[in-house]
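Q: Pasting in a structure now, in structure tokens, and then I'll have a few things to ask.
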Amino acid sequence: MRNIYALIDCDNFYVSCERVFRPDLIGKPVVVLSNNDGCIVSRSNEAKNLGIQMGTPYFKAEEVIKKNRVSVFSSNYALYSDISSRVVEILKMFSPNIEVYSIDEAFITLNLTNSNFTKYGKEIRERILKDVGIPTTVGIAYTKTLTKIATKIGKKNIEYGGVLSLLNEKDDDMYLEMVDVEDIWGVGRQYSKWLREMGIDNAKDLKYANRQVIRHHMTVQGLRTVLELNGIDCIPLDSRRVLKKSITSSKSFGIKTDSLEDIKKALAIDVAQAGEKLREQGSVAGTLTVFLLSNPFKTPCYSNSISIKLPYRVSDTPNLIKYSLIGLGKIFKSGYIYKKCGVVLSDISTVNDVQLDLFNSSFINDFNIKNKAMITMDRINRKWGRDTIKIGSMGIENTLKMKQDMISNRYTTDWNNLLVVNI
DNA sequence: TCTGGGGTCCTAGGACCC
DNA sequence: TCTGGGGTCCTAGGACCC
Numbered sequence: 194m195r196n197i198y199a200l201i202d203c204d205n206f207y208v209s210c211e212r213v214f215r216p217d218l219i220g221k222p223v224v225v226l227s228n229n230d231g232c233i234v235s236r237s238n239e240a241k242n243l244g245i246q247m248g249t250p251y252f253k254a255e256e257v258i259k260k261n262r263v264s265v266f267s268s269n270y271a272l273y274s275d276i277s278s279r280v281v282e283i284l285k286m287f288s289p290n291i292e293v294y295s296i297d298e299a300f301i302t303l304n305l306t307n308s309n310f311t312k313y314g315k316e317i318r319e320r321i322l323k324d325v326g327i328p329t330t331v332g333i334a335y336t337k338t339l340t341k342i343a344t345k346i347g348k349k350n351i352e353y354g355g356v357l358s359l360l361n362e363k364d365d366d367m368y369l370e371m372v373d374v375e376d377i378w379g380v381g382r383q384y385s386k387w388l389r390e391m392g393i394d395n396a397k398d399l400k401y402a403n404r405q406v407i408r409h410h411m412t413v414q415g416l417r418t419v420l421e422l423n424g425i426d427c428i429p430l431d432s433r434r435v436l437k438k439s440i441t442s443s444k445s446f447g448i449k450t451d452s453l454e455d456i457k458k459a460l461a462i463d464v465a466q467a468g469e470k471l472r473e474q475g476s477v478a479g480t481l482t483v484f485l486l487s488n489p490f491k492t493p494c495y496s497n498s499i500s501i502k503l504p505y506r507v508s509d510t511p512n513l514i515k516y517s518l519i520g521l522g523k524i525f526k527s528g529y530i531y532k533k534c535g536v537v538l539s540d541i542s543t544v545n546d547v548q549l550d551l552f553n554s555s556f557i558n559d560f561n562i563k564n565k566a567m568i569t570m571d572r573i574n575r576k577w578g579r580d581t582i583k584i585g586s587m588g589i590e591n592t593l594k595m596k597q598d599m600i601s602n603r604y605t606t607d608w609n610n611l612l613v614v615n616i
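In this note's numbering, the protein residues as written are 194 to 616.
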């Protein structure tokens with residue numbers, strides 16, 4: 194029996210989240226910026242129509258933005274992730290099989306007893322819009338890659354009313370022809386350049402391409418994409434809550450700096466954040482990588498990284514900070530203006546798998562004590578806000594704090610930020 | 001002046017083993 | 001002195017995703 198997939202994809206998600214609390218902005222151009230107010234990462238349809246491109250640096254679009262009175266927001270991840278989880282809760286009512294693919298997309302499988310799939314898709318859409326206030330597009334098909342194609346077309350053509358089903362396969366080729374090769378899930382910049390050179394311009398061309406040639410040039414993943422375009426299900430729903438295999442935390446500095454002392458503090462803050470994520474999933478890390486970059490848009494530039502194999506797996510912030518500062522000391526070179534640093538934790542396993550040190554009997558106690566202290570610290574910080582308790586090396590004030598000049602309130606996750614209504 | 005952050009999977013090649 | 005074939009593990013780098 195064939196699976197039937199639906200992809201529920203929130204429209205212009207970050208912008209839509211901002212509009213939930215600013216309904217006056219519906220119908221008006223709005224953009225949301227990346228961290229540090231660097232690039233434009235979400236655009237309302239009105240902003241798209243002004244020619245504002247995804248990923249454009251803010252300063253390059255500033256003129257168009259001012260001229261057309263586009264509303265601009267810094268990104269507010271506390272708000273977006275809370276709204277995202279509300280959408281997921283609703284989807285769970287429609288299907289027990291769900292894969293939360295990203296902050297604004299989820300796949301579900303549909304039961305064959307729902308005979309009218311398009312109608313069911315519309316019900317899902319309307320429920321999310323009514324209960325959470327977020328508009329979505331729903332794509333329905335026999336493979337996940339085809340649901341991606343369906344939402345892509347559904348978003349561009351309002352006549353589908355936000356739901357497009359490709360279950361009537363004789364029409365597939367007509368739809369596939371509408372989608373450029375660059376826009377296919379699994380085809381990025383490098384592959385699309387090569388495909389274009391091969392005369393493969395759209396999804397229909399790729400569907401009928403020579404499979405051996407594709408396999409050779411684009412590995413098994415490329416082959417899977419071709420098969421999926423043919424309606425052959427190769428990428429199953431992945432509903433496991435998987436443990437992350439690596440955890441990164443890094444940030445560009447709000448102010449560029451050549452000061453090792455400032456960078457040490459910024460790195461300690463990143464490490465603390467990574468450590469918290471590590472403990473949240475009950476894991477410990479065996480390897481830690483520190484990296485440091487000067488401004489890549491300026492010459493001369495310098496970047497370096499160093500990986501440190503930890504003597505034993507840890508998850509406590511003081512140890513992680515200790516080793517990362519050793520690493521930083523080894524790669525820091527004076528005389529450059531730095532703009533970013535960060536840490537990657539890898540070689541991750543669960544706490545239960547930790548190899549204890551036979552020759553160091555005090556180690557077990559040490560491990561347990563530090564962990565209890567960390568768990569308590571995490572709990573307090575979750576309840577009372579980030580950095581209520583922190584490690585000394587993070588400093589009192591983050592001198593390189595990122596820019597977020599236009600951030601909205603944390604309306605749904607902070608009592609002090611509740612929406613105020615004047616009557 | 002101003003250019004984000006956080007992930008996954010696959011492959012090739014080297015080291016090492018029997 | 002000559003020399004084979006097959007396997008595993010690890011790492012770096014390249015591709016992709018949101």
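Using N, Cα and C, we set each Cβ at its ideal position, and we do this for glycine too.
Looking at the structure shown, is residue 511 part of a helix, part of a strand, or coil, going by DSSP?
A: In this structure, residue 511 counts as helix in the three-state DSSP scheme.
Q: How far does the beta strand (DSSP E) with residue 484 in it extend, from its first residue to its last?
A: Residues 476-487.
Q: Taking the alpha carbon of residue 421 as the reference point, which residue from 463, 451, 342, 325 has its own alpha carbon closest?
A: Comparing Cα positions, the closest option is 342.
Q: By a C-beta neighbour count over all protein chains shown, 10 Å radius and 16 as the cutoff for buried, is residue 489 buried or exposed?
A: Exposed, because fewer than 16 other Cβ atoms sit within 10 Å of the Cβ of residue 489.
Q: Assuming contact is defined by CB atoms lying nearer than 8 angstroms, are residue 243 and residue 257 in contact in what I supplied?
A: In this structure, residue 257 lies closer than 8 angstroms to residue 243 by Cβ.
Q: Could you spell out where the beta strand (DSSP E) holding residue 324 opens and where it closes?
A: Premise fails: residue 324 lies in the alpha helix (DSSP H), 310-324, not in any beta strand (DSSP E).
Q: Restricting to runs no shorter than 4 residues, where is the alpha helix (DSSP H) found entirely within the region 359-424?
A: You should have 365-369, 382-390, 396-400, 404-422.
Q: Just verifying my parser: in three-state terms, what is the DSSP assignment at residue 568?
A: Helix at residue 568.
Q: Could you give the C-beta distance for residue 372 and residue 334, rounded to a whole number, given that I count them as a contact under 8 angstroms?
A: About 13 angstroms; that fails the 8 angstroms criterion.
Q: Should residue 300 go down as buried or exposed, given a rule of 16 or more other Cβ atoms within 10 Å for buried?
A: Buried, since its Cβ has 16 or more Cβ neighbours within 10 Å.
Q: Do the region 426-436 and the region 504-523 touch if we need at least three Cβ pairs shorter than 8 angstroms?
A: No contact exists between the region 426-436 and the region 504-523.
Q: Express the C-alpha separation of residue 359 and residue 251 in angstroms, rounding to a whole number.
A: Their backbone Cα atoms lie some 38 angstroms apart in a straight line.
Q: Have a look at residue 583 and residue 260 and give me their C-alpha separation to the nearest angstrom.
A: One C-alpha to the other measures close to 44 angstroms.
Q: Alpha carbon to alpha carbon, how far is residue 308 from residue 241?
A: Taking the straight line from one Cα to the other gives about 36 angstroms.
Q: Just to confirm, are residue 426 and residue 615 a CB contact at a threshold of 8 angstroms?
A: Going by C-beta atoms, residue 426 is not nearer than 8 angstroms to residue 615.
Q: I need the boundaries of the beta strand (DSSP E) containing residue 472, first residue and last residue.
A: Residue 472 -> not in any beta strand (DSSP E); alpha helix (DSSP H) instead, spanning 453-473.
Q: Return the CA-CA distance between residue 285 and residue 291, expressed in angstroms with no decimal places.
A: Their Cα atoms are separated by approximately 7 angstroms.
Q: If you pair each beta-carbon of the region 346-354 with each one of the region 387-402, do three or more pairs fall below 8 angstroms?
A: The region 346-354 vs the region 387-402: no contact.
Q: Between the alpha carbons of residue 573 and residue 324, how many angstroms are there, rounded?
A: Spanning the two alpha carbons is a distance of roughly 31 angstroms.
Q: Can you tell me whether DSSP reads residue 523 as helix, strand or coil?
A: DSSP places residue 523 in helix when its eight states are reduced to three.
Q: Buried or exposed: residue 383, going by 16 or more other Cβ atoms within 10 Å of its Cβ?
A: Its Cβ having fewer than 16 others within 10 Å, residue 383 is exposed.
Q: Could you tell me which uninterrupted alpha helix (DSSP H) segments, each at least 4 residues in length, are contained entirely in the region 258-303, listed from first to last along the chain?
A: Runs found: 270-287.
Q: If contact is defined by three or more beta carbon pairs under 8 angstroms, each pair taking one atom from either stretch, is the region 452-459 in contact with the region 582-598?
A: They touch, by the three-pair rule.
Q: State whether the region 519-526 contacts the region 467-486, with contact taken as three or more CB pairs (one from each stretch) at a distance under 8 angstroms.
A: Yes, they touch.
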